[in-house]
Structure formats: C-alpha cells, structure tokens
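Just below is one structure, and these are the notes that go with it.
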Amino acid sequence: MSSVVLPASPSESRPGRFGAYGGRYVPETLMAALLELEHEYELAKADAAFQAELADLLKDFAGRPTPLYFAKRLTYELGGAKIYLKREDLLHTGAHKINNALGQGLLARRMGKKRIIAETGAGQHGVATATVCALLGMECVVYMGDVDMERQELNVLRMRLLGAEVRGVSSGSKTLKDAISEAMRDWVTNVRTTHYLLGSALGAHPYPTMVRDFHRCISIEMKQQILEREGRLPTAVIACVGGGSNAIGAFYEFIPDRQVRLIGVEAGGRGTELGEHAARFRGGVPGVLQGTFSYVLQDENGQIANTHSVSAGLDYASIGPEHAALHDSGRAEYVSQDDAATLDALVKLARTEGILPALESAHAVAECLRMAPTLSPRDILVVNLSGRGDKDMGIIARELKLGEPNAT
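Below, the structure is given as structure tokens:
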C-alpha cells in the first residue's frame, strides 16, 4: 500500500486554513497539546516506519482495500447511470472510522500518551476507538450523549465489551455536539496524559487536515478501482456528510479532476424549519463551534440550534471546514435527503442488492436513487457506503414498524 498520508493539500490556503475556514479557536490550556500534536503528525508523515506500520494495520487488521462493487440489480431497476458502491461497511468494526482511529492511535502511542478519550454520535467512531485502544493496550473513555446512547445501544455494549468506559452526557440536546464539549473539558483537565481522538474532519487545527489524510485511502482506492473497471473516471462521487470524514476521504483524490462531480448529502430530517434538520448549507451561517470556523446552524441570537436526523451520525450543527471551502468555491455540491427518503433508500438497497447500509450511508444512497434515472448509461455514480446498518436495527424496526404483520 502507498503512503496513507500526504504532505500538502490543494484545499489548504495555508496550514490549518481552507479559504476563510478552519483555524484554531480553543482555550489557552489546549494550545500546547495541539502544537505538540501538529509537530508529531508532521514527523510521522515523513517517518517510513510509521507509514509502514499504519499500512500493515489497515491491510491486515482493518481489511483494506475495500471492494468497489457494481450494483447490477439496482442499476437495472433504476435505469440510467451505472452504480458502484465503495464498501467501507466491510471494514473491521463496520465503518470507515477505523482508518482514522488506527492513525491517531499510533500517533498517541508515539507521543507517549497512555489514555485516550473520544466522542461518538452513531457509536461507530467509539467502537473503532475502543478497538484500537484494546489493540494498543491503552485506557479508553468515550463520551456519548444520552439520546445517542439510547438509540445506539448495541454500539454502547460493543464499546464496553472492548474495555472502554462509556460516559453518558445529559447536557444540551444530549447528542454529538454535547459529547464533543464534554470530551474537550476532559482534555483540558488531563491534557498531559491524554490524547483526544477526534472522530471527524472538524475541530481545531490539525484535526481537519489529519483526519482527512487518514481517510484519504478511500479515494485512492476508489480512483484506482474505477479506472481498472471502467477505464475512466466516474460522473460523480456521492457521500453522506455529518462532520464530513467519510466524504472528504472519498472526495480528496478527485478534487483536481474537475469533470468529476463531488456530492455531499446532508441530513434533511423531518422538515425545513430550524431544529428539524441538520443541513448546514441550507440554513447555517459561518461561525465558530468547537474549535473551528465553518458553517453552523444557529438562531438569530447566535445560539447553536438543535438538530434532528433519523441518523445519529449526521445530527451535528456544524461541518468540517474543508467542506465549507469546497462549498463556497463550487467544487463540491451539497444537497440534503430527508428521513423518509433515507428509509426508502435503505429498504431499496437491502432488497435489490442484499446490503443493509447504515442510516448515515442511506442518505447518500437516496441521492443516488434520485440522480441515476436522470442520467445516461454512459454515466457512472460511485456511492461511498461508509458503514453498515446492523447498529441501526432498533431505529429501522421502529420507523418501518417491522414488528407489525403488514410492515413495509
């Protein structure tokens, strides 16, 4: 496998800045830790031994490369574009999150940290972090909103089985935003001994850059695989966008290829009013949240708005700063799909291809279902299937009333 991180980014105007977005807006007590992390990350990028160990773990522990699967029956039923699925759901722990958890875990060990803290919404990042901590022999504490703990109970049990302590967060909306705030408070208190293993391409510099780089392997493989299969680049790459880690990983290698459309799908929730969705580019304005400057859903007084999505992993009031820059430049397009369309897409994929996607990923599938019939058979859509839906079965069963005799 080639190097999994890279020395420069076409999206960064200067280190840590993506146009006007990004930066480092944190308490003074965290500055030393962030500078240490940035310094150690720069050294790791140039360290062949670090690169080799990470590449080996991604291959033999996580299961890379993941397949690029031609969805033949779905393509036939919809008509129009050919549909491929990048199967990140087949990775160990069930989602793309393991790529970044392995990278940051090795960095933490390199810095001599013995304790890891993390936050999680859908639980996939928490499971990946707990898994890596078990692998490397580190103490692990995961913060999770009470609402998310209830709707992702299976992942809570998985984290505890792996040896992690899961701390419920009962403040605010009791979801991902509040879990991040609690993790940052812990980090301020224990910064000398603890590494904060942030799970998405957001937060203060160097996290957006570093997390993006650890997920860059998705688009490296995707590009090589589609060229081998079709001899040309796809018409569009489609990925769901919460914080934006799987999407920026899937987009990154295609950014210079202007003929490839990059489409991020936000959570349209159950309505267009503020508080009923998590579509930051539909209702958000630039502002600072949890260490970085990006689009933020906020009310007329600048207070962070409540959000809603059937998917815990997309239920976040802001978005990674590189996505904000790609949006403003027009290089990437951002749309939204609501809860109902997402559930319909999940059922469609399950019954045509035998694949149960995570609710997060089903947002991207829903956009694919909308687009494919409008395109020609010459067109190619690649959907990044970021995770599998086993973890969501409780929500899916309730929403689709699967326990009733005449369920969908």
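Counting along the sequence shown from 1, when you hit position 359 you're at 359 in the UniProt record's numbering, and nothing is skipped either side. Here a beta-carbon is modelled for each residue, glycine too, at the ideal position from N, C-alpha and C. Being a predicted model, the structure only gives us computed values, none of them experimental.
**Prompt:** Since M222 and L68 are thought to touch, with beta carbons under 8 angstroms apart, how far apart are those beta carbons, to the nearest angstrom?
**Reply:** About 6 angstroms; that satisfies the 8 angstroms criterion.
**Secondary structure of P286, DSSP reduced to three states** = In the three-state scheme derived from DSSP, where H, G and I count as helix and E and B as strand, P286 is classed as strand.
**Asked** Hey, how far is the Cα of K82 from the Cα of G63?
**Response** Straight-line Cα distance between these residues: approximately 26 angstroms.
**Request:** Look at the alpha carbon of A372 and the alpha carbon of Y84, and state the distance between them as a whole number of angstroms.
**Result:** About 11 angstroms.
**Message:** Can you give me the C-alpha to C-alpha distance between Q51 and I98, rounded to a whole angstrom?
**Reply:** The C-alpha of Q51 lies about 16 angstroms from the C-alpha of I98.
**Request:** Using the DSSP secondary-structure output, state which residues sit across from S336 in a beta bridge.
**Result:** In DSSP, S336 forms a bridge with E266.
**Request:** Please name the residue, chosen from S361, R398 and E322, that lies closest to F18 on a Cα-to-Cα basis.
**Result:** It is E322.
**Request:** Tell me whether the beta-carbon of G291 lies closer than 7 angstroms to the beta-carbon of D338.
**Result:** Judged by beta-carbon spacing, D338 lies beyond the 7 angstroms limit of G291, meaning their Cβ atoms are not closer than that value.
**Request:** Under 6 angstroms Cβ to Cβ from I263, same chain only, skipping five residues before and after it: list those, please.
**Result:** Closer than 6 angstroms at Cβ, skipping near neighbours: A236, I238 and E333.
**Request:** Take L157 and list the residues in its own chain whose beta-carbon comes closer than 6 angstroms to its own, dropping the five residues that flank it on each side.
**Result:** Excluding sequence neighbours, L157 sits near nothing in its chain.
**Item:** Delimiting residues of the alpha helix (DSSP H) encompassing M144
**Value:** Here M144 belongs to no alpha helix (DSSP H); instead the beta strand (DSSP E) covers E139 to G145.
**Prompt:** Are the beta-carbon atoms of K174 and A317 separated by less than 7 angstroms?
**Reply:** Cβ distance not < 7 angstroms, so K174 and A317 don't count as in contact.
**Request:** Assign G121 to one of three DSSP states: helix, strand, or coil.
**Result:** In the structure shown, G121 sits in coil (DSSP, three-state: anything other than H, G, I, E or B).
**Message:** Once DSSP output is grouped into helix, strand and coil, what is the label at P405?
**Reply:** Note: P405 maps to coil in three-state DSSP.
**Asked** Are A341 and L314 touching if we call contact CB-CB under 7 angstroms?
**Response** Not a contact, by the Cβ cut-off of 7 angstroms.
**Message:** Could you tell me the alpha carbon to alpha carbon distance between H363 and S336, rounded to whole angstroms?
**Reply:** Spanning the alpha carbons of H363 and S336 requires a straight line of approximately 8 angstroms.
**Prompt:** Does the Cβ-Cβ distance between L54 and L107 come in under 7 angstroms?
**Reply:** No. Outside cutoff.
**Asked** If you count every other CB in all the chains shown that lies within 10 Å of the CB of V288, and 16 or more means buried, which is it?
**Response** Flag for V288 reads exposed.
**Asked** What are the partner residues of A239, as DSSP defines its beta bridges?
**Response** Answer is G264.
**Asked** What is the rounded straight-line gap between the Cα of V296 and the Cα of R160?
**Response** Rounded to the nearest angstrom, the gap between the Cα atoms of V296 and R160 is 32 angstroms.
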